[in-house]
């Protein structure tokens, strides 16, 4: 059916009843997409066998598979609240991602798209020194876990000689700082584009 302006009344009615809720304006949409992308991230990296012991456990142990899916599900649900509670969402995602890294025994497998999505999301909605503090906290957690989970010549960081620690620290620190700053910058670009779009809409 069409109204006098030629618009589809039935389509509008369906949308008003909830059929149109799954769209980009719904915070759950992006959260679900990123959550789904995180599944092949974990199992895809594991299939590359870059860390044979971890990869075998991820791909063959049913308990590990269930644990991974549990972590990813929780992080996806938490991501749905990013607009209303951006700081709490970011902190919970840091904690959940850190737990996933420890559970898997691998920093690379645990740094899923959901992890990076949280950094971008908080950068969109938080600014100033609060954002700096949140990013520094995330960087510190990431570097500490990367060092803890990294093996050097078959030794864990707890077994490496003191003289080797600076070298073990510099590489993950540089990678982490660069990655966080790039993702945060992307978040700020998105925030600026949104403000410009809102400003143009108001002027109309």
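Numbering (our numbering), first residue to last: 8 to 211. Cβ atoms here follow ideal geometry from the backbone N, Cα and C, with glycine treated the same way.
So is residue 190 buried or exposed if we call it buried at 16+ other beta carbons inside 10 Å? What you label residue 190 is simply residue 183 of the chain shown in a count that begins at 1. By the C-beta density criterion, residue 190 is buried, having at least 16 other C-beta atoms within 10 angstroms.
Which residues bound the alpha helix (DSSP H) around residue 55? As a position in the chain shown, residue 55 is number 48, starting the count at 1. No alpha helix (DSSP H) holds residue 55; DSSP gives it neither H nor E.
Identity of the residue in 147, 137, 155 and 118 nearest residue 213 by Cα: The first residue shown for the chain is 8 and the last is 211, placing residue 213 beyond what the model contains.
If distances are taken between C-alpha atoms only, which option among 187, 120 and 197 comes closest to residue 49? Here residue 49 corresponds to residue number 42 of the chain shown, with the count starting at 1. The residue with the shortest Cα to Cα distance from residue 49 is 120.
Is there contact here, the region 74 to 88 with the region 33 to 47, by at least three beta-carbon pairs under 8 Å? yes
In this structure, how does DSSP classify residue 90 when only helix, strand and coil are distinguished? Locating residue 90 in the chain shown gives position 83, counting from the first residue. Here residue 90 carries a coil assignment [DSSP, helix/strand/coil].
Backbone secondary structure at residue 118 - three-state DSSP: The residue given as residue 118 occupies position 111 in the chain shown. Residue 118 falls in the coil class under three-state DSSP.
Closest to residue 92 by CA distance: which of 64, 207, 113 and 133 is it? For this step, residue 92 is matched to residue 85 along the chain shown. It is 133 whose Cα lies nearest to the Cα of residue 92.
Opening and closing residue of the alpha helix (DSSP H) in which residue 135 lies: Working through the chain shown from its first residue, we reach residue 135 at position 128. Counting along the chain, the alpha helix (DSSP H) containing residue 135 begins and ends at 135 to 156.
What residue from 146, 153, 70 and 76 has the CA that sits closest to residue 47's CA? What you label residue 47 is simply residue 40 of the chain shown in a count that begins at 1. Among 146, 153, 70 and 76, the Cα nearest to that of residue 47 belongs to 76.
Please return the same chain residues whose Cβ sits closer than 7 Å to the Cβ of residue 58, not counting the five positions on each side in sequence. Here residue 58 is taken as the residue at index 51 of the chain shown, counted from 1. These residues qualify, in order along the chain: 113.
Look up residue 104 in the DSSP assignment and say whether it is helix, strand or coil. For the purposes of this step, residue 104 is taken as the residue at position 97 of the chain shown. The answer is helix: DSSP assigns residue 104 an H, G or I state.
Could you tell me which of 128, 122 and 127 sits nearest to residue 7, measuring between CA atoms? With the chain covering 8 to 211 only, the question about residue 7 has no answer from this structure.
Measure the alpha-carbon distance for residue 143 versus residue 184 and round it to whole angstroms. For the purposes of this step, residue 143 is taken as the residue at position 136 of the chain shown. For the purposes of this step, residue 184 is taken as the residue at position 177 of the chain shown. Near 9 Å, if we compare the C-alpha coordinates of residue 184 and residue 143.
Quick check on residue 196: buried or exposed, where buried means 16 or more other Cβ atoms within 10 Å of its Cβ? Taking the first residue of the chain shown as position 1, residue 196 is located at position 189. With fewer than 16 other Cβ atoms within 10 Å, it is exposed.
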